[in-house]
Amino acid sequence: MTDQLTVATADDNAAGAAGPTPWWRDAVIYQIYPRSFADSDGDGIGDLPGIRSRLPYLQELGIDAVWLSPFYASPQADAGYDVSDYRTVDPMFGTLDDARELITDAHALGLRVIVDLVPNHSSDQHEWFRRAIAEGPGSPARDRYHFRPGKGADGAEPPNDWQSLFGGPAWTRTTDPDGTPGDWYLHLFAPEQPDFNWEHPAVADEFRTILRFWLDLGADGFRIDVAHGLCKAEGLPDAGDASELHLLDVAVSPCFDQDGVHEIYRSWRQILDEYPGERIAVAEAWAPTLERLSKYVRPDELHQSFNFSYLGAAWTVEAQRRIIDESLVAMRSVGAPPTWTLSNHDVVRHTTRLMGSVSGDAAGRRPTAADPVAGLRRARAATLLMLALPGSAYLYQGEELGLPEVIDLPPEVRQDPAFHRATGQDGYRDGCRVPLPWSGDAAPYGFGPEGGPSWLPQPDSWAQLSVAAQDGVPESTLEMYRSALLMRRALPALGAPDNLTWLEAPEGLLVFERAAADGSAFRCTVNLTDAPIAVAKPGQALLASGPVDDAAAQVLIPADTTVWWSVA
Ligand code: GLC
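Using the numbering used here, the first residue of the sequence shown is number 2, and each one after it goes up by one.
Following this line, the structure appears as structure tokens:
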């Protein structure tokens with residue numbers, strides 16, 4: 002075992018009689034999408050050495066940990082979420098030594114590193130699946146995936162009615178070694194992503210050793226991809242009405258959220274607990290209710306779960322307050338920290354989504370318009386609201402720059418595997434994956450060497466959004482994030498204490514307070530309307546997402562603006 006992190010955090014220093022708060026209970030975790038973060042070798046695709054070179058930026062930002070989307074060997078049918086070898090780094094991203102050095106450097110800067118684990122499915126180029134295809138029907142190699150004969154005459158119909166989340170049937174027919182049409186295999190995502198059969202002991206064993214491999218290399222934890230998908234209902238029954246699968250409104254479905262997953266996570270928790278330094282796992286689980294979601298984070302299972310209900314909540318007082326309350330209640334019932342997130346690599350960036358400028362379901366799918374000024378104002382307000390809540394927060398790379406969704410990528414550059422499948426869950430995920438602008442006046446804006454390519458084109462307007470353009474500019478979004486993250490660490494009322502009290506407020510304003518053990522109190526006021534709202538000045542303004550004049554006893558909170566206050 003290597004690289005146990007020993008850096009003291011603000012929480013450790015504030016330890017009470019019960020001992021220090023584990024780091025993850027209020028951590029701010031920053032998602033890096035490796036192909037779009039920083040490109041060291043000029044091939045237009047970000048890589049591990051690129052990330053390594055930017056670690057000081059992340060330390061200065063004030064985050065606690067990074068979560069890296071997959072960088073393993075992969076044919077990239079789904080941007081690395083189709084893994085062909087779980088223990089190597091794809092040459093596109095670097096080498097295993099690069100991964101080791103990245104973890105070591107991050108630890109030296111006080112940053113933890115969480116890696117992505119993709120246990121629901123492999124790539125169709127994974128050795129196990131290639132063998133399953135080569136060895137043909139009835140071979141034991143097929144038992145590690147879900148192969149079934151088709152229905153109807155000649156087995157020409159899929160074995161059941163399940164639909165892929167990327168569009169079309171969740172089954173693809175194979176061709177037998179003798180060239181005739183054969184059995185079908187299950188893939189809840191792209192055909193290049195066959196689902197593992199988690200009933201098979203070899204699958205469970207394999208993933209336990211993969212966990213240990215990365216823990217031994219120094220990883221501080223895992224983000225568990227499609228954590229709700231590993232177990233399927235016995236006999237793979239038809240889904241019936243639930244066959245229109247959309248992650249957020251997933252009803253009771255035979256493909257998802259089956260009770261069997263919890264046994265898997267209990268065994269993983271034991272492994273994580275064997276290692277020093279509070280190694281963690283966070284579930285990407287889309288459960289139908291927060292109550293179902295809380296089961297993934299019971300004390301002997303995973304540590305955290307993403308809160309997609311919060312991500313999808315409307316920008317209204319009622320919706321925000323309801324989802325915050327429900328999240329706190331659900332997580333308290335199992336003693337897990339709530340988590341909050343506004344953006345990730347699968348959804349429309351919140352700068353665009355919160356303006357309602359998307360069509361589709363609640364998570365925001367196809368972006369249809371963007372008002373950059375109003376969108377940014379609302380996104381900044383939402384961020385300060387999120388960072389004032391109890392528990393842990395997840396940031397997605399580039400949100401600290403206020404990047405909008407890129408809505409006008411030409412079809413020929415898009416790579417989302419669902420893009421060309423009309424009935425898929427979205428297909429517009431490239432718009433939040435455009436490489437980051439670091440500096441300079443022209444693309445690739447320091448993402449890679451000057452004049453070099455970037456795998457998706459960056460908009461001309463991004464020169465003014467680059468890190469260099471915002472660095473040191475007090476009203477910039479980057480400086481707002483830096484100040485907020487610094488304050489989260491410094492103010493005892495923020496972060497881990499599990500309390501939040503709503504205060505009465507004029508219509509359209511959300512107001513809550515949080516108290517610390519040392520008697521200090523913190524107040525957050527959020528105007529969720531498009532007109533200013535007057536309030537009696539509650540204390541000293543600490544930070545605001547927009548310009549606020551707090552000189553007089555009455556203060557006008559501008560439209561779509563959050564203000565943090567210290568109250569006596
Ligand atoms: C998760 C990932 C998404 C990927 C899918 C299949 O939802 O976040 O990017 O396409 O799993 O692995």
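We put the beta carbon where it would ideally sit given N, CA and C, even for glycine.
With respect to 7 Å, is the separation between the Cβ of residue i and the closest non-hydrogen atom of the ligand GLC below this value?
i           : result
residue 190 : yes
residue 114 : no
residue 31  : no
residue 147 : no
residue 82  : yes
residue 346 : yes
residue 119 : yes
residue 79  : yes
residue 196 : no
residue 626 : As shown, the chain starts at 2 and ends at 569. That puts residue 626 outside it, with no answer to give.
residue 283 : no
residue 221 : no
residue 1   : There is no way to answer for residue 1, as the model of the chain reaches only from 2 to 569.
Nearest to residue i by CA position, among the options, is which residue?
i           : options               : result
residue 331 : 353, 289, 104 and 143 : 289
residue 380 : 173, 521, 399 and 391 : 399
residue 261 : 283, 281, 233 and 282 : 233
residue 505 : 334, 498, 257 and 525 : 525
residue 459 : 474, 151, 441 and 475 : 441
residue 509 : 515, 533 and 497      : 533
residue 434 : 416, 451 and 449      : 416
residue 126 : 43, 36 and 77         : 77
residue 68  : 537, 311, 259 and 220 : 220
residue 535 : 178, 553, 520 and 121 : 553
residue 257 : 266, 65, 52 and 229   : 229
residue 23  : 118, 316, 274 and 529 : 274
residue 327 : 481, 352, 89 and 295  : 295
residue 198 : 187, 546 and 537      : 187
residue 439 : 29, 430, 311 and 449  : 449
residue 259 : 548, 269, 231 and 90  : 231
residue 520 : 498, 539 and 538      : 498
residue 70  : 144, 87, 33 and 51    : 33
residue 495 : 413, 479, 541 and 567 : 567
residue 571 : 419, 378 and 338      : Only positions 2 to 569 of the chain appear in this structure, which leaves residue 571 out of reach.
residue 271 : 216, 407, 172 and 310 : 216
residue 482 : 540, 518 and 388      : 388
With 16 as the cutoff for other CB atoms within 10 Å, does residue i come out buried or exposed?
i           : result
residue 421 : exposed
residue 305 : buried
residue 564 : buried
residue 202 : exposed
residue 531 : exposed
residue 140 : exposed
residue 9   : Reliability fails at residue 9, whose pLDDT of 36 lies under 50, so the model's placement of it is uncertain and the value that follows must be treated cautiously. It is exposed - the Cβ of residue 9 has fewer than 16 other Cβ atoms within 10 Å.
residue 194 : buried
residue 558 : buried
residue 241 : exposed
residue 555 : exposed
residue 528 : buried
residue 136 : exposed
residue 155 : exposed
residue 515 : buried
residue 109 : exposed
Hey, would you say the C-beta of residue i is under 7 Å away from at least one heavy atom of the ligand ZN?
i           : result
residue 223 : For the structure depicted, the ligand ZN is absent and the ligand set comprises only the ligand GLC.
Quick one: which unbroken beta strand (DSSP E) runs of 3-plus residues sit fully inside the region 80 to 129? Chain order, please. 86 to 90 and 113 to 118
Please give the ranges of any beta strand (DSSP E) in the region 455 to 489, keeping only runs that are unbroken, at least 3 residues long and fully inside the region. none
Those runs of the alpha helix (DSSP H) which lie wholly inside the region 322 to 392 and span at least 4 residues: 351 to 354 and 373 to 388
Contained beta strand (DSSP E) runs [length at least 3] in the region 482 to 549, N- to C-terminal order: 510 to 516, 522 to 528, 534 to 537 and 541 to 545
Can you give, in chain order, each stretch of the alpha helix (DSSP H) that sits fully within the region 218 to 283 and has at least 4 residues? 262 to 275
Which parts of the region 146 to 205 are runs of the beta strand (DSSP E), unbroken and 3 residues or longer, counting only runs that do not cross its ends? 172 to 176 and 182 to 187
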